[in-house]
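Chains as they are written, first to last, in this note's numbering: chain A, 355 to 553; chain B, 355 to 553.
Beta carbons are placed, not taken as given, at the ideal position from N, Cα and C, and that holds for glycine.
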DNA sequence: TAAATTAGCTTACAGTTGTAAGCTGAAATT
DNA sequence: AATTTCAGCTTACAACTGTAAGCTAATTTA
């Protein structure tokens, strides 16, 4: 048996265990090392062979969540390229993502306003990535000036994330309703941005 | 000595103790009953003479925070009446509020996406109040149709809260910058809503 | 093949938590 | 004046936490 491989596997099972514990009732700070170890199927003290801290594990989770988010963006772009409105397609893709990966999105959402400065900073970094990508995209497709495109992207991301937060607790019908309202609101922003650019 | 009065005083000191513990590193779920009791200057078990749970205390805190928020709104309206742009004045008032009552705002923000369904629901209720009031205000001052006014108000509240979250960690200069950007973004929404109403 | 490394284990400990049981003394009621 | 009520107390306990110390067995290296 390869030792490195086995170690990686255990590491993975720790990460997976942590994600599985992050349901609607638990946050990173309320998940204990022992609990993670229990679910991962290792002794509590073995945890330290893989992570210095529970916090180090937390940062790893945030990184993974951010990665998933960026993959989501790429997926949305592909869908847009193959037809459909930009806003509508993006919102639908996003809503699907948070339904299927609710624990991943919940992590980002919760730690975004959580108790650990390091986690908040890490989440903010991921959101910044999102902002930058959306700004570029907006600029290149609409020709808006950078400053305006940036403001628009930032507002949109905030609105989308806020609505996503609401959608996490919502029933399927309510989710659909939220998505429709969100699309209209994003159009408000897009149109308002265009008007600001013209003046 | 009046007994009822004394009990109310102790209750107050428990609430104040809890608020004082909710700094940038602590959330309701991470504050222990014993810790609150310690700061309030009572024995741990005396806590139960006032609240059934730590959760019951939490709901009380959310209520108080919501109250403070609505007082903020009234204050903003007064300021608007005595001159100054609606958006600009509101944002300035809001930013002052979260600077002066950062623990109160932090509570709402954190529990909004927190681990307790009851707390999330309670915060959502407070935000709904905010939404309703802003919708009414928008409808009566701009004459927009209810549906549009409602969408606009909701989007604005989400954007303001998101930016408020960012402002909590920010330096004074950054805060100013955030406020200016927020004002522009709110104008995007306002203008976009008007355009939607015209079409 | 012998020696070194190491992932995971068991045991152990001190610190914290929520809360049950029951006492006390002062305020309120009769 | 006698009785009841009750806010706050002390003591106690079982459950949980993070993590230190040190063993084991299997893989890796020499």
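- Between the beta-carbon of residue 492 of chain B and that of residue 507 of chain B there is about 6 Å, and that keeps the pair under the 8 Å contact cut.
- Residue 553 of chain A carries a coil assignment under DSSP once its states are collapsed to helix, strand and coil.
- No Cβ-Cβ contact shorter than 8 Å links residue 515 of chain A with residue 432 of chain A.
- Residue burial annotation: residue 501 of chain A is exposed, with fewer than 16 other C-beta atoms found within 10 angstroms of its C-beta.
- Within a 10 Å sphere around the beta-carbon of residue 486 of chain B sit fewer than 16 other beta-carbons, which makes this residue exposed.
- The beta carbon of residue 456 of chain B sits no closer than 8 Å to any beta carbon of chain A.
- The DSSP-derived three-state label of residue 407 of chain A is coil.
- CA-to-CA, the gap between residue 531 of chain A and residue 511 of chain B works out to about 18 Å.
- Below the 7 Å Cβ cutoff, chain B contributes no neighbours of residue 388 of chain A, its closest Cβ being approximately 17 Å away.
- For residue 375 of chain A, the enclosing alpha helix (DSSP H) has its first and last residue at 357-375.
- Taken in chain order, the complete alpha helix (DSSP H) segments of 4 or more residues contained in the stretch 435-521 of chain B are 440-454, 456-466, 471-496.
- When DSSP states are grouped into helix, strand and coil, residue 543 of chain B belongs to the helix group.
- For residue 411 of chain B, not one C-beta of chain A is nearer than 8 Å to its own C-beta.
- Look at the beta carbons and you see the stretch 360-377 of chain A touching the stretch 392-406 of chain A: at least three pairs across the two are nearer than 8 Å.
- Rounded to the nearest angstrom, the Cβ distance from residue 517 of chain A to residue 488 of chain A is 15 Å, too far for a contact under 8 Å.
- The Cβ atoms of residue 545 of chain A and residue 546 of chain B sit closer than 8 Å to each other.
- Distances from the CA of residue 421 of chain A to each of A:361, A:549, A:461, A:357 were compared; the closest alpha carbon is that of A:461.
- By the Cβ neighbour-count rule, residue 527 of chain A is exposed, with fewer than 16 other Cβ atoms within 10 Å of its own.
- The beta carbon of residue 466 of chain A lies closer than 6 Å to those of 477 in the same chain, with the five residues before and after it left out.
- Secondary structure at residue 380 of chain B: coil, using DSSP grouped into helix, strand and coil.
- For the 8 Å CB-CB criterion, residue 505 of chain A and residue 539 of chain B form a contact.
- In the DSSP annotation of this structure, the continuous segment of the alpha helix (DSSP H) that includes residue 391 of chain A starts and ends at 387-394.
- For residue 434 of chain B, the closest alpha carbon among the candidates B:444, B:390, B:426 is that of B:444.
- Residue 509 of chain A is positioned such that its CB atom lies no closer than 8 Å to that of residue 405 of chain B.
- Below the 8 Å Cβ cutoff, chain A contributes no neighbours of residue 423 of chain B, its closest Cβ being approximately 16 Å away.
- Residue 400 of chain A carries a helical assignment under DSSP once its states are collapsed to helix, strand and coil.
- In chain order, 458, 461, 462 place their CB closer than 6 Å to the CB of residue 419 of chain B, counting only its own chain and leaving out the 5 sequence neighbours on each side.
- Comparing alpha-carbon positions, the option among B:451, B:533, B:524, B:473 lying closest to residue 442 of chain B turns out to be B:533.
- Only 505, 506, 508, 509, 512, 513, 515, 516 from the stretch 495-516 of chain A bring a Cβ to less than 8 Å from some Cβ of chain B.
- Of all residues in the stretch 516-528 of chain B, only 516, 517, 519, 520, 522, 523 come within less than 9 Å of chain A when Cβ atoms are compared, listed by chain position.
- Residue nearest to residue 361 of chain B within the set B:473, B:402, B:438 is B:402 (criterion: CA-CA distance).
- With fewer than 16 other Cβ atoms from the protein chains shown falling within 10 Å of its own Cβ, residue 454 of chain B counts as exposed.
- By the CB criterion at 8 Å, residue 425 of chain B and residue 447 of chain B fall outside the cutoff.
- An exposed status is given to residue 399 of chain A, since fewer than 16 other beta-carbon atoms sit within 10 Å of its beta-carbon.
- One thing to note: residue 409 of chain B has its Cβ within 8 Å of the Cβ of residue 470 of chain B.
- Taking 8 Å as the threshold, the shortest C-beta distance from residue 405 of chain B to chain A does not fall below it.
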